[in-house]
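Below is one structure, written out as structure tokens; comments come after it.
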Amino acid sequence: MTQANFFELFGLAPSFSIDASALDAQWKARAAQVHPDRFVNASAPEKRVAMQWSTQLNEAYRVLRDPLQRAKYLCELAGQDVAESASRTLGMAFLSQQMEWREALENLEAAHDGVGLAALLTQVQADRTQCQTQTSQLIEQRDWVQAVKCLNEWMFIEKFLKEVQAVKRAQAATE
Amino acid sequence: MALLQISEPDASPIPHHRKVAVGIDLGTTHSLVAAVRHSVAEVLPDAQGRALMPSAVYYHSADEVVVGHDALAMQESKPLDTLVSIKRLMGKSRADALITGMPYHFEDMGNSVAIATKNATVTPVKVAAQILLSLRERAQETLGDDLVGAVITVPAYFDDAQRQATRDAARLAGLNVLRLLNEPTAAAIAYGLDNSSEGVYAVYDLGGGTFDLSLLRLTQGVFEVVSTGGDTALGGDDFDAAIVQTVCQQAGLNFSEQPQQQRHLLMAARRLREQLSVNDQASVQTGLDGALASISMTRAEFEVLAAPLIKRSLSCAQRALDDAELSLDQVQGVVMVGGATRMPIVQQMVKHFFGREPLVNLNPDEVVAIGAALQANLLAGNRHPGEDWLLLDVTPLSLGLETMGGLVETIIPRNSTIPVARGQEFTTYRDGQTALAIHVVQGERDLVSECRSLARFELRGIPPMVAGSARIRVTFQVDADGLLNVSAQEQASGTQAEVTVKPSHGLTDEQITQMLQDSVAGADEDAKLRMLREEQVQATQLMESITAALAQDSNLLNADELSQIEAQMANMRVQLETESVDALRAAVKSLSACTDDFAARRMDRSIRQALTGRSLNEI
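These protein sequences, in sequence, are chains A and B. With this note's numbering as the guide, the letters of the first sequence map in order to residues 39 to 213. With this note's numbering as the guide, the letters of the second sequence map in order to residues 29 to 647.
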């Protein structure tokens with residue numbers, strides 16, 4: 039079985055802006071047709087094919103519903119090697135800001151500073167939103183080189199955001 | 029063309045051809061079997077009208093067993109030989125078993141634990157198979173029909189080894205497993221269909237030995253699990269143990285080395301706990317002499333012991349909410365499942381946590397079996413038009429690989445919708461290397477030592493190449509039962525590597541096959557004749573379906589493939605005339621082998637048509 043285009047699988051046009059509820063409905067409608075539960079009485083090779091299709095639909099849905107994964111997928115569809123480009127495209131200014139943030143997080147964690155943590159979270163979320171908007175615009179303009187650069191920053195910020203949220207949760211749990 | 033069969037409205041068409049499938053809740057304390065009869069799902073009681081069967085087994089000898097109520101009656105006199113709460117040992121090694129603090133004498137059997145009782149040494153899989161067999165017989169007697177299959181429930185938080193063990197037990201009991209279904213999901217089906225609910229629901233499932241919390245989104249006939257959390261070592265048993273520990277401490281006594289006394293106390297503690305669910309104070313006889321001849325407690329005293337255990341369950345709930353990125357106010361209802369949720373303190377704390385009254389309108393002991401029966405009926409193809417739903421479940425635990433330095437690299441994160449697959453590329457580090465070992469673990473920690481070792485996969489048959497030039501793509505596939513399959517292919521040459529699985533816990537495939545063969549060897553003439561008939565039916569059905577497929581789609585085959593299939597079919601016609609099970613089995617196997625590819629191609633084409641046909645219609 040060859041890898042299908044994720045957008046085509048759901049009958050959607052390849053674009054960063056998609057209708058989330060349409061995607062959700064398309065996924066469920068198609069999953070209902072190919073889910074292994076529909077083929078429990080089929081032969082082993084038939085079950086295998088149904089499982090592969092079902093797996094592919096789930097994967098396509100996972101990628102398309104998440105803005106970051108969707109942006110990455112669009113860049114890859116355009117022939118960009120996102121994973122390989124990370125080290126080239128991130129500038130010194132961006133990387134040093136990342137290091138500052140990380141240091142700040144460590145300090146806030148050690149000091150159990152809930153207020154400072156909330157402020158950091160707000161700031162990182164704002165940066166993430168900005169990065170997302172910018173990436174999506176560059177993708178719509180088909181400026182792939184700049185889009186990939188922006189996407190790499192976004193991936194860094196997203197990862198850091200998860201860490202801040204994890205620290206916040208851990209603090210909330212000990213209260 | 030076949031004649032259409034017309035039946036009366038609401039009467040099932042030709043009762044004898046009805047495809048009967050059952051749902052089985054294989055519980056720590058109790059097990060149940062349920063089925064859809066006359067369009068209603070109901071639990072099937074035994075001859076004495078009892079719905080719950082204690083999950084207890086006593087061996088008089090290796091072949092002579094007592095199951096259920098009769099076995100439970102042996103418990104106080106023979107605590108070491110009466111096997112209860114065996115679910116806690118499924119998919120476990122001897123080292124795991126020792127940690128449970130259960131009183132049995134444990135031995136090694138390969139990587140699985142075995143329990144040595146006075147009359148027999150048995151694996152948990154075999155004990156569970158006895159319970160399933162007993163329920164299968166109950167179902168066959170009640171329904172008066174052969175079963176086409178069963179949906180068997182497992183805790184959502186069960187790992188791969190525990191699921192595998194459950195499926196093996198079902199195979200040993202002669203059940204065709206249509207699906208392993210997560211317990212909270214089963215409960216959601218029973219509850220959701222009963223109330224035609226929509227929105228996000230939490231299922232809080234506190235059983236005899238395990239705790240699960242699943243969050244589901246219900247929309248127009250789709251049950252989508254968004255996240256699940258749990259603890260496979262937290263249940264009603266732990267509340268009983270806490271009571272026993274406290275009363276022993278207060279009396280300055282210790283029975284942990286005396287299994288019989290300990291068993292008396294645990295059983296008394298359960299009765300005490302059940303009474304405290306109704307009364308503010310309770311006192312029960314233990315059957316022992318001396319200071320602990322009877323034990324008593326107020327509800328307030330008990331609740332002090334219970335609160336830390338319930339808090340543990342609620343931190344699992346919090347994590348499931350975090351994983352789903354849902355807040356408490358987005359949860360529209362909380363469904364209570366499992367006998368242990370009858371405790372008022374559980375209901376109070378769950379109510380306080382979720383900020384809403386939990387839903388308790390379905391019997392918490394039966395709701396899982398009812399949901400499983402509804403799903404079994406759906407899978408068997410007995411649904412009526414308009415009575416259809418889809419279930420989308422998730423993996424409870426992250427799946428990872430051991431990398432350098434004992435670190436885990438996550439391959440499939442927890443809460444991924446199943447079926448799910450991920451590929452990973454490996455290379456060789458020595459010239460001419462033809463084999464590769466991969467260690468797969470399950471869990472959320474960064475270190476291999478802190479995760480659950482699942483299996484070691486050995487890939488063989490890699491074509492010899494210069495170090496670093498082979499590209500081996502390994503695919504990790506988790507199927508709709510939540511079970512892992514691994515396949516590997518060298519990319520440059522296209523060589524399929526041979527994968528052997530060495531499960532870290534539990535029985536190997538060979539051991540299960542051996543157990544199955546042993547049971548066949550012991551079968552009487554009647555059973556052998558039945559096997560022959562079953563094999564003949566299967567062979568005939570296979571021939572019919574291939575004939576139909578060829579009439580429709582022979583254009584998918586080239587002349588060579590077609591003549592091979594025809595030759596195998598001719599061979600099958602000859603074998604069908606013989607009365608040999610083995611010869612028939614061999615013929616079925618080789619005919620299937622040469623038509624597998626054809627079947628896969630047909631399926632692929634029909635799915636493609638279904639998917640594109642749909643989008644064309646919608647545009």
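Beta carbons: idealized from backbone N, C-alpha and C, even for Gly. Remember, predicted model here, so these are calculated numbers, not experimental data.
Relative to the C-alpha of Leu639 (chain B), which candidate in A:Leu95, A:Asn79 and A:Phe54 has its C-alpha closest? Selected option, being the one with the closest Cα: A:Leu95.
Per-residue contacts from Ile143 (chain B) into chain A (C-beta, under 7 Å): Simply none; closest approach about 33 Å.
Would you mind sorting Lys556 (chain B) into buried or exposed? The rule is 16 or more other CB atoms within 10 Å of its CB. exposed
My output table needs one value for Ile42 (chain B): the three-state DSSP class, helix, strand or coil. Caution is warranted here: a pLDDT of 42 is assigned to Ile42 (chain B), below 50, making its placement in the model unreliable, and the coordinate value is therefore given only provisionally. Ile42 (chain B): coil per DSSP, three-state reduction.
Please decide whether Asp357 (chain B) counts as near chain A, where near means a Cβ-Cβ distance under 8 Å. Output row for Asp357 (chain B): interface = no.
Could you work out which residue in B:Asp350, B:Glu572 and B:Gln313 is closest to Thr20 (chain B) when comparing CA atoms only? As displayed, chain B neither begins before 29 nor continues past 647, which places residue 20 (chain B) out of reach and without an answer.
Thr606 (chain B) versus Arg298 (chain B) - alpha carbon distance: Cα-Cα distance, rounded: 58 Å.
Let's test the definition: count the other Cβ atoms within 10 Å of the Cβ of Glu36 (chain B) and tell me whether it reaches 16, buried, or not, exposed. Reliability of the predicted coordinates at Glu36 (chain B) is poor, the pLDDT of 42 falling under 50, and the value obtained from them is presented with this limitation in mind. The residue is exposed, with fewer than 16 neighbouring Cβ atoms inside 10 Å.
Could you tell me the alpha carbon to alpha carbon distance between Asp74 (chain B) and Ile159 (chain B), rounded to whole angstroms? Answer to the nearest angstrom: the Cα atoms are 13 Å apart.
Assign Ser113 (chain B) to buried or exposed, taking buried as 16 or more other Cβ atoms, counted over all protein chains shown, within 10 Å of its Cβ. The Cβ neighbour count for Ser113 (chain B), taken over all protein chains shown within 10 Å, is at least 16; the residue is labelled buried.
Using the Cα positions of Val494 (chain B) and Asp459 (chain B), report the straight-line distance between them to the nearest angstrom. Cα-Cα distance, rounded: 4 Å.
Residues bridged to Met325 (chain B) [DSSP beta-bridge criterion]: B:Ala310
Given a cut-off of 8 Å on the beta-carbon distance, is the pair Thr256 (chain B) and Ala189 (chain B) in contact? Going by C-beta atoms, Thr256 (chain B) is not nearer than 8 Å to Ala189 (chain B).
At 9 Å on the CB atoms, spell out the chain A contacts of Val250 (chain B), in chain order. Lys66, Ala69 and Ala70
What's the gap between the Cα of Asn645 (chain B) and the Cα of Gln71 (chain A)? Here Asn645 (chain B) scores only 41 on pLDDT, less than 50, and its place in the model is too uncertain to base an answer on.
Under 8 Å from the C-beta of Val448 (chain B): neighbouring residues of chain A: By Cβ distance, chain A contributes Thr93, Asn96 and Glu97.
Suppose only complete runs of 4+ residues qualify. What are the alpha helix (DSSP H) ranges in the region 69–149 of chain B, listed by chain order? 97–100 and 122–127
Note down, in chain order, every chain B residue with its Cβ under 8 Å from the Cβ of Met89 (chain A). Pro447, Gln505, Asp507 and Ala508
So, at 8 Å on beta carbons, what are the nonlocal neighbours of Arg100 (chain A) in its own chain, with the 5 sequence-adjacent residues on each side left out? Gln107
Would you call the region 358–376 of chain B and the region 325–343 of chain B in contact, with 3 or more CB pairs under 8 Å? yes
Should Glu415 (chain B) go down as buried or exposed, given a rule of 16 or more other Cβ atoms within 10 Å for buried? exposed
Ala30 (chain B) (DSSP reduced to helix, strand or coil): For Ala30 (chain B), the predicted structure reports a pLDDT of 41, less than 50, and the residue's modelled location is therefore unreliable. A value from the coordinates is still provided. Ala30 (chain B) falls in the coil class under three-state DSSP.
Considering only the beta carbon of each residue, do Gly119 (chain B) and Gln192 (chain B) sit closer than 8 Å? Closer than 8 Å, so yes.
On the CB-based measure, 16 or more other CB atoms within 10 Å of its CB, does Val448 (chain B) come out buried or exposed? buried
Determine, using beta carbons only, whether Asp75 (chain A) comes closer than 8 Å to chain B. yes
So which of B:His88, B:Gly177 and B:Ala197 has the shortest CA-CA distance to Ala148 (chain B)? B:His88
Verify the CB distance criterion: does Glu84 (chain A) have a CB-CB separation below 8 Å to chain B? yes
First and last residue of the beta strand (DSSP E) that includes Leu394 (chain B)? For clarity, residue 394 (chain B) is Glu in the given sequence; the question names Leu instead. Glu394 (chain B) -> no beta strand (DSSP E), and no H or E assigned at all.
Am I right that Val179 (chain B) and Arg207 (chain B) are in contact with their C-beta atoms under 8 Å? What's the rounded C-beta distance? 5 Å
Assign Ser83 (chain B) to buried or exposed, taking buried as 16 or more other Cβ atoms, counted over all protein chains shown, within 10 Å of its Cβ. buried
Cβ-based burial, Leu535 (chain B) [other Cβ within 10 Å; buried from 16]: By the neighbour-count rule (16 or more Cβ atoms within 10 Å), Leu535 (chain B) is buried.
Contiguous beta strand (DSSP E) assignments of at least 3 residues, all confined to the region 498–573 of chain B: The qualifying runs are 500–506, 512–518 and 524–531.
Return the residue from the list A:Gln203, A:Asn43, A:Gln170 and A:Asn190 that minimises the CA-CA distance to Ser123 (chain A). A:Asn190
Could you give the distance in angstroms between the alpha-carbon of Leu293 (chain B) and the alpha-carbon of Gly263 (chain B)? Spanning the two alpha carbons is a distance of roughly 17 Å.
Could you compute how far the alpha carbon of Ser67 (chain B) sits from the alpha carbon of Arg411 (chain B)? 9 Å
Could you give the distance in angstroms between the alpha-carbon of Asp98 (chain B) and the alpha-carbon of Ala156 (chain B)? Their backbone Cα atoms lie some 16 Å apart in a straight line.
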